[in-house]
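Have a look at the structure below before the remarks.
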């Protein structure tokens, strides 16, 4: 069947569709029904079913005789170390660490916070929790003590598993002092902390509370998999940018396993035994879904990379990885490719490596401008596919389908809705928007398996945040449109649509135009306050390495481009040339923060910001345009 038929089945008969997909998972007890809709607008997938996610990700492959296959490839240019772990070894490592957690008192339903760098032990800790039926909550390594403390208070973990440090290009980031301070200021105290001591910066142990990784496992018997309900939580993941009371996205075991298995074949076109690389971090949803669970549940080899796209050691880092490990499909953020393009615009480093194993590149995490997508496709001579999803959904909402039917690749679009997602564009009155017309991107309930069923201990906030905008719909928070062929264009967050003298304009559309300029490496457009027009668009651009054009000339060219392609109605005349853009560690540009800086409003840098010092640089650049230092009134 082609895409249209598969998609039609998924929305017309979701129960039949997902019952068939669920056959690919090993169940300890069959589910009573596919979907429980008795508590709508809250839904439960596969109620009555019992399973274990770790068994599906590890043990069943060993039982099937594939124990010698590599499960995890670890490559760390920042420590100059490499390691391969087979499925049989992973089973033993996971079972022993699950035994260690059990000895420390962790039982089914308990929470364990994991605060680790990109090392195999992070995956082992996650899988060990799943093996016990404990609920893990991974916090990005290096988060501030205050932010870690808020998550400790919300998740109330029995144990915290942490690395002593993380390693960035040219610097070591000690995690242990951050952890100690977080535990000190948190109201909830864990019973124990398990510390993976790294030689680059070992941490000082707290007697009675802390236990070293290896010591915790001394004399431990491997722990069997504990059967849990399909509707029991596998993990809690706090959304990036969360401040104050954290928003903990819950993921259930059953629906998650089914969707992860289904997606590897149908979206990414993978086969068991092949190498899949998501160049992300286990602290993000991409790392949960496509470094850990989906590749392993499906029986692929997954890659744990402790490095950067540039600087470890050069812009050829990704190409080396693809050649060395025979990677079939790669998944990364557009910001990674923009960084490579900025440093090596002619892709000279690519000439040193063979890409023969690579079938496709997938991009997600930040809207991919057409110029970056076209550049990636041109240099790789492979499909470069933008697709779109959220922490809340756990997997793609829209994309392309290498295992069903590869759709035409159209730069600027996130593809077509993934089977299971009934995506609709609604206007402010709740009516369906015509093709090509901007509106709110909504998903008709029920959401497919693996999407969040609630927020951790906060059903009211879940319904208010996601289900209250239109009855029977999930609000994605993004705006966009569908074209006549059904391709979805995600143009930015709903609050990134600006009103210029009564005209609603997409900042994403303006970013596309700016990014098409040959001297621009990356850019962002924000709406700034204007007394006459209400708002004006302002472009912030980073220029490519080696460009020597003066800024005034570049500004005139960019203003002319926007006027030519979008029209005078955009009133585009403000351009700031900046050295870099503020981003989260997952690559999302902090447009809302920059907007507040420009309008001289109070703002709070999110916990996920990559480098807070950038914000002062942005303020200085915007003040030259007469913004950022204006005084209220």
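In the UniProt record's numbering, the protein residues as written are 1 to 633.
Where is the CB? At the ideal position from N, CA and C, for every residue including glycine.
The model shown is predicted, which means the values in this text are computed figures rather than measured ones.
Item to check | Own chain residues within Cβ distance below 7 Å of residue 619, not counting five before or after | outcome: On the chain shown, residue 619 is found 619 positions in, with the first residue counted as 1. Excluding sequence neighbours, residue 619 sits near 597 and 628.
Checklist entry - What residue does the alpha helix (DSSP H) around residue 254 start on, and which one ends it? => result By one-based count along the chain shown, residue 254 stands at place 254. Here the alpha helix (DSSP H) through residue 254 covers 253-266.
Item to check | CA-to-CA distance, residue 101 to residue 109, given in whole angstroms | outcome: Locating residue 109 in the chain shown gives position 109, counting from the first residue. Locating residue 101 in the chain shown gives position 101, counting from the first residue. Taking the Cα positions, residue 109 is about 13 Å away from residue 101.
Item to check | Under the three-state DSSP convention, the category residue 136 falls into | outcome: As a position in the chain shown, residue 136 is number 136, starting the count at 1. In the structure shown, residue 136 sits in a strand (DSSP, three-state: E or B).
Item to check | According to DSSP, residues forming a beta bridge with residue 89 | outcome: Position 89 of the chain shown, counted from the start, is the residue given in the question as residue 89. The beta-bridge partner set that DSSP reports for residue 89 is empty.
Checklist entry - Residues bridged to residue 389 by DSSP? => result As a working mapping, residue 389 is identified with position 389 in the chain shown. Residue 389 pairs with 396.
Checklist entry - Between which two residues does the beta strand (DSSP E) carrying residue 477 extend? => result Working through the chain shown from its first residue, we reach residue 477 at position 477. In this chain, the beta strand (DSSP E) harbouring residue 477 covers 473-482.
Next on the checklist: Could you pull the DSSP bridge partners for residue 76 from this structure?
Outcome noted: The count along the chain shown starts at 1 and reaches residue 76 at position 76. The bridge partners DSSP lists for residue 76 are 81.
Checklist entry - Below 8 Å between beta carbons: does that hold for residue 488 and residue 423? => result Numbered from 1 along the chain shown, position 488 holds the residue referred to as residue 488. Numbered from 1 along the chain shown, position 423 holds the residue referred to as residue 423. Yes; because the gap between Cβ atoms is below 8 Å, this pair is in contact.
Checklist entry - What's the gap between the Cα of residue 576 and the Cα of residue 493? => result On the chain shown, residue 576 is found 576 positions in, with the first residue counted as 1. On the chain shown, residue 493 is found 493 positions in, with the first residue counted as 1. Going from the Cα of residue 576 to the Cα of residue 493 covers about 22 Å.
Checklist entry - What are the boundary residues of the alpha helix (DSSP H) that residue 110 is part of? => result The residue you call residue 110 lines up with position 110 of the chain shown. That residue, residue 110, is in no alpha helix (DSSP H); it is neither H nor E in DSSP.
Checklist entry - Identify the residues that DSSP records as bridge partners of residue 639: which are they? => result Residue 639 is absent from the model: the chain starts at 1 and stops at 633.
Checklist entry - Given a threshold of 16 other Cβ atoms within 10 Å of its Cβ, counted over all protein chains shown, does residue 431 qualify as buried or as exposed? => result Numbered from its first residue, the chain shown carries residue 431 at position 431. Label assigned to residue 431: exposed.
Item to check | Reference residue 187; option with closest CA among 161, 162, 7 and 154 | outcome: The count along the chain shown starts at 1 and reaches residue 187 at position 187. Comparing Cα-Cα distances from residue 187 to each of 161, 162, 7 and 154, the minimum goes to 154.
Checklist entry - Which residues does DSSP pair with residue 331 in a beta bridge? => result Here residue 331 is taken as the residue at index 331 of the chain shown, counted from 1. DSSP output for residue 331 lists 278 and 362 as bridge partner(s).
Item to check | Per-residue DSSP class, three states only, for residue 460 | outcome: Within the chain shown, the letter at position 460 stands for residue 460. Note: residue 460 maps to helix in three-state DSSP.
Checklist entry - So, are the CB atoms of residue 498 and residue 537 less than 8 Å apart? => result Residue numbering aside, residue 498 sits at position 498 when the chain shown is read from its first letter. Residue numbering aside, residue 537 sits at position 537 when the chain shown is read from its first letter. Going by C-beta atoms, residue 498 is nearer than 8 Å to residue 537.
Next on the checklist: So, with DSSP's three-state summary, where would you put residue 534?
Outcome noted: By one-based count along the chain shown, residue 534 stands at place 534. Residue state, collapsed to three classes: strand.
Checklist entry - What residue ranges within the stretch 507-587 form continuous beta strand (DSSP E) runs of no fewer than 3 residues, ordered along the chain? => result List check, beta strand (DSSP E) in window: 520-530, 534-543 and 574-577.
Checklist entry - For residue 676, which residues from the same chain have a beta carbon less than 6 Å from its beta carbon, with the 5 sequence-adjacent residues on both sides left out? => result With the chain running from 1 to 633 in the structure shown, residue 676 is simply not present.
Checklist entry - Are there three or more Cβ pairs, one per stretch, closer than 8 Å when the stretch 1-13 is compared with the stretch 394-408? => result Counting Cβ pairs under 8 Å, three or more are found: they touch.
Item to check | Backbone CA spacing between residue 329 and residue 341 [nearest angstrom] | outcome: Walking along the chain shown from the start, residue 329 turns up at place 329. Walking along the chain shown from the start, residue 341 turns up at place 341. Cα-Cα distance, rounded: 20 Å.
Item to check | Start-to-end residues for the beta strand (DSSP E) that takes in residue 301 | outcome: For the purposes of this step, residue 301 is taken as the residue at position 301 of the chain shown. Start and end: 301-305.
Checklist entry - residue 192 bridges to which residues according to DSSP? => result If you number the chain shown from 1, residue 192 lands on position 192. Beta-bridge partners assigned by DSSP to residue 192: 159.
Item to check | For residue 143, the three-state DSSP class (helix, strand or coil) | outcome: Within the chain shown, residue 143 is the residue found at index 143, counting from 1. Residue 143: coil per DSSP, three-state reduction.
Checklist entry - Going by the beta-carbon positions, is the gap between residue 388 and residue 228 smaller than 8 Å? => result Working through the chain shown from its first residue, we reach residue 388 at position 388. Working through the chain shown from its first residue, we reach residue 228 at position 228. Not a contact, by the Cβ cut-off of 8 Å.
Checklist entry - Is the stretch 73-82 in contact with the stretch 288-300, if contact means three or more CB pairs nearer than 8 Å? => result Too few Cβ pairs lie closer than 8 Å, so no.
Next on the checklist: Strictly by DSSP, which residues pair up with residue 639?
Outcome noted: Outside the shown range of the chain (1 to 633) lies residue 639, about which nothing can therefore be said.
Next on the checklist: Determine whether the beta carbon atoms of residue 300 and residue 326 lie at a separation below 8 Å.
Outcome noted: Translated into the one-based positions of the chain shown, residue 300 becomes position 300. Translated into the one-based positions of the chain shown, residue 326 becomes position 326. It is not a contact, given that the beta carbons lie outside the stated cut-off.
Checklist entry - Name the DSSP bridge partner or partners of residue 70? => result Residue mapping note: residue 70 aligns to position 70 of the chain shown, counting from 1. Bridge partners of residue 70: 86.
Checklist entry - For the alpha helix (DSSP H) that residue 9 lies in, which residues bound it at each end? => result Working through the chain shown from its first residue, we reach residue 9 at position 9. Residue 9 -> alpha helix (DSSP H) spans 3-12.
Item to check | Short Cβ contact (8 Å threshold) for residue 524 with residue 581 | outcome: One-based indexing of the chain shown puts residue 524 at position 524. One-based indexing of the chain shown puts residue 581 at position 581. Yes; because the gap between Cβ atoms is below 8 Å, this pair is in contact.
Checklist entry - Any idea what DSSP makes of residue 154, helix, strand or coil? => result Here the question's residue 154 lines up with position 154 in the chain shown. Of the three classes helix, strand and coil, the one that applies to residue 154 here is helix, per DSSP.
Checklist entry - Who does residue 594 pair with in a DSSP beta bridge? => result For this step, residue 594 is matched to residue 594 along the chain shown. Paired residue(s): none; residue 594 is not in a bridge.
Checklist entry - Would residue 560 be called buried (16 or more neighbouring beta carbons within 10 Å of its own) or exposed? => result As a first step, residue 560 is located in the chain shown; it is residue number 560 there, counting from the start. Burial call: exposed.
Checklist entry - According to DSSP, is residue 180 helix, strand or coil? => result Walking along the chain shown from the start, residue 180 turns up at place 180. Here residue 180 sits in helix by DSSP.
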